[in-house]
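Engineer: Numbering (my numbering), first residue to last: 85 to 274. Just so it is clear, CB atoms sit at the ideal spot from N, CA and C, and this is done for glycine as well. None of these values were measured; they are calculated from a predicted model.
#1: To the nearest angstrom, how far is it from the Cα of residue 209 to the Cα of residue 187?
#2: Using the three-state DSSP reduction, which class does residue 130 fall into: helix, strand or coil?
#3: Using 9 Å as the threshold, is the C-beta distance between residue 147 and residue 138 below it?
#4: Less than 9 Å between the C-beta atoms of residue 171 and residue 136, yes or no?
#5: Between residue 133 and residue 181, is the Cβ-Cβ spacing less than 9 Å?
#6: What does the alpha-carbon distance come out to for the pair residue 217 and residue 101?
#7: Thinking residue 178 and residue 123 are a contact (beta carbons under 8 Å), I'd like their distance in whole angstroms, please.
#8: Taking residue 115 as part of the alpha helix (DSSP H), name the residues at either end of that continuous run.
#9: Out of curiosity, what's the CA-to-CA distance linking residue 223 and residue 199?
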């Protein structure tokens, strides 16, 4: 049987691995649709902050300038503008003008619009199947939380689980964030 120190170390390592993986791969799906397209960033103040080719990362946005700029404040050459995730509340709009898209970008946009407004039978079936799995996933998470609560309150491993409560909550939070949003009937009907 493993002692509590070994369990603590293993839980810390597991938490770090899950956290690193989920934060690396997690990207906003709506923002990712604008990836590699020319986009204009407008802040809440109404001021256009920057224009460039958008690169979406898990930690923020990068706008790559088509033409290098010289910053008038410090005379340094700028090739891109970084906008970090914590600055997202300052965004009024991300604007992608259709006439600025490349031919491939226009084709991709038309294909995406067609898929959204007139999905094929295969696509609708796939979406319904994924919704079933997401609902099942939510149910399994609830069962897992109930079991964890049961073991923390009593049972053979209560002392071990109580001492590892902080790490177990971190693992659960990282898993919930990495899985993505659940099935939402309201959004599916649109």
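Structural biologist: Quick answer:
#1: 30 Å
#2: coil
#3: yes
#4: no
#5: no
#6: 25 Å
#7: 5 Å
#8: 113-116
#9: 30 Å
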